[in-house]
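Each residue of the sequence shown is one higher than the last, beginning at 78 in the working numbering.
Where is the CB? At the ideal position from N, CA and C, for every residue including glycine.
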Amino acid sequence: MSDTIETFLEESRVFEPSAEFKAAANASDPNIYEKAEADPEGWWVSWAETLDWSQKWHTVLEWNQPFAKWFVGGKLNACYNCVDRHVVSGKGDKIALIGEGEPGDVRNFTYSQVKDRVSQIANGLKAIGIGKGDIVAVYMPMGPELAMTMLACARIGAPHTVIFGGFTAESIADRANNCGAKAIVTSDGTWRRGKIVELKRIVDEAMELGCSTVDKVLVFDRVGKPGTMTSGMATPDYNAGTWVDGRDVKAADVCDTASTDCPCEEMDAEDLLFILYTSGSTGKPKGIMHTTGGYLTGTTATTKLVFDMKDEDIYWCTADCGWVTGHSYIVYGPMSNGCTQVMYEGAPDAQGKDRFWKIIEKHKVSILYTAPTAIRTFMKWGEDLPNGCDLSSLRLLGSVGEPINPEAWMWYHRVIGRERCPIVDTWWQTETGGIMVTPLPGIVSTKPGSATRPFPGVGATIYDEDGNDIGADSDGEVGGLLVLKRPWPSMLRGIWGDEDRYRDVYWSKFSDAYFAGDGAKRDADGFFWLLGRVDDIMLVSGHNISTMEVESALVDHPAVAEAAVIGKQHEVKGQAIAAFVIIKQGFEPSDELRQEIRMHVGQKIGPVARPDDLIFTADVPKTRSGKIMRRLLRDIAEGRLLGDTTTLADPNVVASLQAEHDKES
Ligand code: 6R9
Numbered sequence: 078m079s080d081t082i083e084t085f086l087e088e089s090r091v092f093e094p095s096a097e098f099k100a101a102a103n104a105s106d107p108n109i110y111e112k113a114e115a116d117p118e119g120w121w122v123s124w125a126e127t128l129d130w131s132q133k134w135h136t137v138l139e140w141n142q143p144f145a146k147w148f149v150g151g152k153l154n155a156c157y158n159c160v161d162r163h164v165v166s167g168k169g170d171k172i173a174l175i176g177e178g179e180p181g182d183v184r185n186f187t188y189s190q191v192k193d194r195v196s197q198i199a200n201g202l203k204a205i206g207i208g209k210g211d212i213v214a215v216y217m218p219m220g221p222e223l224a225m226t227m228l229a230c231a232r233i234g235a236p237h238t239v240i241f242g243g244f245t246a247e248s249i250a251d252r253a254n255n256c257g258a259k260a261i262v263t264s265d266g267t268w269r270r271g272k273i274v275e276l277k278r279i280v281d282e283a284m285e286l287g288c289s290t291v292d293k294v295l296v297f298d299r300v301g302k303p304g305t306m307t308s309g310m311a312t313p314d315y316n317a318g319t320w321v322d323g324r325d326v327k328a329a330d331v332c333d334t335a336s337t338d339c340p341c342e343e344m345d346a347e348d349l350l351f352i353l354y355t356s357g358s359t360g361k362p363k364g365i366m367h368t369t370g371g372y373l374t375g376t377t378a379t380t381k382l383v384f385d386m387k388d389e390d391i392y393w394c395t396a397d398c399g400w401v402t403g404h405s406y407i408v409y410g411p412m413s414n415g416c417t418q419v420m421y422e423g424a425p426d427a428q429g430k431d432r433f434w435k436i437i438e439k440h441k442v443s444i445l446y447t448a449p450t451a452i453r454t455f456m457k458w459g460e461d462l463p464n465g466c467d468l469s470s471l472r473l474l475g476s477v478g479e480p481i482n483p484e485a486w487m488w489y490h491r492v493i494g495r496e497r498c499p500i501v502d503t504w505w506q507t508e509t510g511g512i513m514v515t516p517l518p519g520i521v522s523t524k525p526g527s528a529t530r531p532f533p534g535v536g537a538t539i540y541d542e543d544g545n546d547i548g549a550d551s552d553g554e555v556g557g558l559l560v561l562k563r564p565w566p567s568m569l570r571g572i573w574g575d576e577d578r579y580r581d582v583y584w585s586k587f588s589d590a591y592f593a594g595d596g597a598k599r600d601a602d603g604f605f606w607l608l609g610r611v612d613d614i615m616l617v618s619g620h621n622i623s624t625m626e627v628e629s630a631l632v633d634h635p636a637v638a639e640a641a642v643i644g645k646q647h648e649v650k651g652q653a654i655a656a657f658v659i660i661k662q663g664f665e666p667s668d669e670l671r672q673e674i675r676m677h678v679g680q681k682i683g684p685v686a687r688p689d690d691l692i693f694t695a696d697v698p699k700t701r702s703g704k705i706m707r708r709l710l711r712d713i714a715e716g717r718l719l720g721d722t723t724t725l726a727d728p729n730v731v732a733s734l735q736a737e738h739d740k741e742s
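Okay, structure coming up:
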């Protein structure tokens with residue numbers, strides 16, 4: 078049995094940043110890597126110094142593996158740094174948030190208006206009994222109030238835990254109970270594909286299931302507000318009938334009438350800023366803890382350098398704030414940099430499958446940050462849609478969430494970036510808080526499918542199973558496990574209430590490094606290629622094969638829009654490859670096509686990677702952030718009862734897949 082992952086990904090195309098981009102880039106010193114490597118603490122200090130501290134730290138780092146404290150003794154407030162300091166420095170009239178609702182309503186907030194509104198929300202939270210150290214669960218639509226509620230929590234020192242506004246009542250209750258949330262902030266509802274999702278009612282159900290620590294539910298108006306209706310829709314009162322006096326409080330009553338003055342709590346650098354639950358694609362959700370000073374330092378630095386964020390940019394990250402990407406690269410990093418950004422409430426195909434391109438055209442978005450799953454969906458919908466819009470404002474594109482298949486990268490580059498925009502493929506995790514492996518767009522040439530290099534100061538490398546650094550591999554045929562061998566400021570500080578699990582999951586595999594759980598390889602140029610979760614890597618006749626590579630070979634076939642690959646138990650081979658394949662519009666499933674696609678994988682990678690089973694399907698199970706849940710596909714393929722499905726985006730997908738699988742195998 079081989080220990081390392083055999084890789085077959087061969088990609089020789091290289092894209093240099095243009096001379097024009099290079100000349101103006103925030104990161105332009107090619108020695109930035111060497112300098113940061115020579116003195117990582119000094120490097121991070123140079124970024125911490127760009128923040129506003131009410132008291133300076135006395136010690137940069139206290140490291141007792143696996144526990145880190147950064148900027149010890151320092152005091153600051155994250156909300157002050159993301160909002161007030163821009164007003165103080167004269168940028169109060171700059172637009173901070175452009176909130177586009179799904180029905181098309183647009184609401185802009187300048188930094189001054191954000192400061193006033195955040196202060197009102199903070200005063201409203203105080204009025205319902207929230208103070209420093211109390212945990213607030215947030216279950217809201219994607220829009221300005223969500224970002225401002227997170228900032229209001231930070232302002233008064235109340236850690237937030239944002240729950241994706243599409244999770245079930247059980248998920249809310251589990252999370253609120255796990256962290257002992259004292260209040261839940263929600264809205265009457267949100268728009269999703271022209272329909273109303275009744276968020277408050279889902280919170281009511283969670284309360285009925287039992288959230289013993291929650292005394293108050295604060296409710297914002299969204300769908301019941303004039304101006305946000307699609308024509309002809311009645312204005313229902315979504316709170317009627319379920320309103321619990323004494324527990325439920327309208328934001329209109331306690332926030333809208335509150336003072337626009339609310340002092341920022343002075344927080345310790347190591348005070349908890351938020352808890353965010355992540356399941357990755359496996360297992361029971363873990364409450365990942367992030368603290369104030371280090372987290373803000375890491376997200377501020379990465380936003381400025383990776384997205385090349387400038388004062389005149391219009392930035393749009395399409396993630397939801399219920400995901401870490403929305404915390405680090407909508408709220409904290411971008412707002413700490415004082416940027417103007419778009420927040421969009423709804424689905425990518427609401428009012429037409431070109432909604433994203435229309436938003437870019439309308440708001441003149443210059444930096445777009447999205448996920449490979451979205452890019453593959455747009456590929457499936459065809460080029461005519463983006464070609465019909467003016468995308469000339471774009472100057473930089475980002476990708477996050479999964480390895481981006483070279484085919485999807487090339488499409489993003491050609492069709493969306495019009496071959497002008499650098500692409501930053503950013504590898505990171507809820508646990509890392511900020512981007513860890515990524516190009517710096519003015520310095521690093523890119524290769525389709527590679528996240529390129531560790532961010533300056535980040536100790537990313539690749540270990541074999543025994544903890545040996547496998548170094549750069551000249552023939553590019555061997556992969557291993559991605560590790561981070563030194564602490565970084567935005568690292569998680571633990572799992573809420575479960576220190577053992579924290580040690581066990583991240584720090585027990587290797588004695589001297591953080592184990593990320595992802596397979597990776599490094600090529601002769603030192604570029605990193607992420608190969609997917611280690612749990613997903615297959616062992617076929619003694620070869621460790623990455624699901625990502627087989628999926629990339631599948632989507633390279635002209636008929637394939639999207640693919641999910643798993644290893645299923647096999648008597649002879651150990652595991653056999655099963656592929657779930659979604660075909661593009663205009664193609665019909667048939668046995669010939671099935672054989673053709675199997676052969677295509679054989680040609681691209683080698684016969685060992687040819688799938689035994691190839692199942693045509695309309696959809697694959699994904700998490701809310703778009704990651705394929707291969708664990709559920711394995712359950713289906715091996716005929717097991719399904720494990721935890723609470724983080725699924727659409728539970729119906731699994732039932733129809735089970736039927737398709739049973740029919741075809
Ligand atoms: C930010 C985020 C983390 C896992 C991570 C990895 C996968 C994220 C990636 C990527 C390859 C990239 N992942 N970005 N894999 N290339 N650019 O996604 O956080 O939801 O915690 O997921 O996502 O497997 O370990 P999170």
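Alpha helix (DSSP H) containing residue i: first to last residue?
i    : result
T748 : The requested residue 748 does not occur in the structure, where the chain is confined to residues 78 to 742.
D668 : D668 to K681
L709 : R707 to A714
G475 : Not the alpha helix (DSSP H): G475 falls in the beta strand (DSSP E), residues L473 to S476.
Y110 : I109 to A115
From which residue to which residue does the beta strand (DSSP E) around residue i run?
i    : result
V658 : G651 to I660
L517 : Here L517 belongs to no beta strand (DSSP E), and DSSP marks it neither H nor E.
D690 : D690 to F693
When every heavy atom of the ligand 6R9 is checked, does at least one fall within less than 8 Å of the C-beta of residue i?
i    : result
I705 : no
D502 : yes
G478 : yes
T226 : no
Q506 : yes
I436 : no
L558 : no
R299 : no
L607 : yes
R610 : yes
G594 : yes
A528 : yes
S131 : no
W124 : no
I481 : yes
V401 : yes
Based on Cα-Cα distance, which residue from the options lies nearest to residue i?
i    : options                   : result
V274 : E285, G423 and V195       : G423
A235 : N154, C159 and K192       : N154
N75  : T267, F657, R570 and T238 : Residue 75 is absent from the model: the chain starts at 78 and stops at 742.
V637 : M456, L349, Y188 and V191 : M456
W121 : A593, V137 and V149       : V137
P117 : S618, R563, D668 and V521 : R563
K99  : G548, L517, F604 and G571 : L517
F244 : T402, V294, A214 and W147 : A214
P743 : T290, C332, W458 and F241 : With the chain running from 78 to 742 in the structure shown, residue 743 is simply not present.
D385 : W434, V521, S264 and D348 : V521
K112 : A695, S123 and T267       : S123
P566 : E285, P107, L616 and G510 : G510
P533 : A451, E737 and K381       : K381
G375 : C159, M513, T454 and D333 : M513
K327 : A204, L373, A732 and D397 : A204
G119 : G603, H738, V535 and D696 : V535
I175 : M225, R162, G201 and E126 : M225
What runs of the beta strand (DSSP E), each 3 residues or longer, lie entirely inside the region 523–604?
-> 537–540, 555–561 and 591–599
Counting only runs that start and end within the region 227–292, where is the alpha helix (DSSP H) found for 4 or more residues in a row?
-> 246–256 and 276–287
Pairing CB atoms from the region 440–457 with CB atoms from the region 389–403, are three or more of them under 8 Å?
-> yes
Between the region 502–517 and the region 466–481, do at least 3 Cβ pairs fall closer than 8 Å?
-> yes
At which residue ranges does the region 371–434 contain complete alpha helix (DSSP H) runs of 4 or more residues, listed in the order of the chain?
-> 410–413
Inter-stretch contact at 8 Å, needing at least 3 Cβ pairs: the region 527–546 / the region 347–357 = no
When the Cβ atoms of the region 521–534 are set against those of the region 411–428, are three or more pairs found closer than 8 Å?
-> no
Answer yes if the region 259–268 comes into contact with the region 278–294, meaning at least three C-beta pairs across the two stretches below 8 Å, and no otherwise.
-> yes
Can you find at least 3 beta carbon pairs, one from the region 631–651 and one from the region 674–688, that sit closer than 8 Å?
-> yes
Please specify which runs of the beta strand (DSSP E), each continuous and at least 3 residues long, are wholly inside the region 152–182, giving them in chain order.
-> 172–177
Taking contact to mean at least 3 C-beta pairs separated by less than 8 Å, is the region 182–195 in contact with the region 153–170?
-> yes
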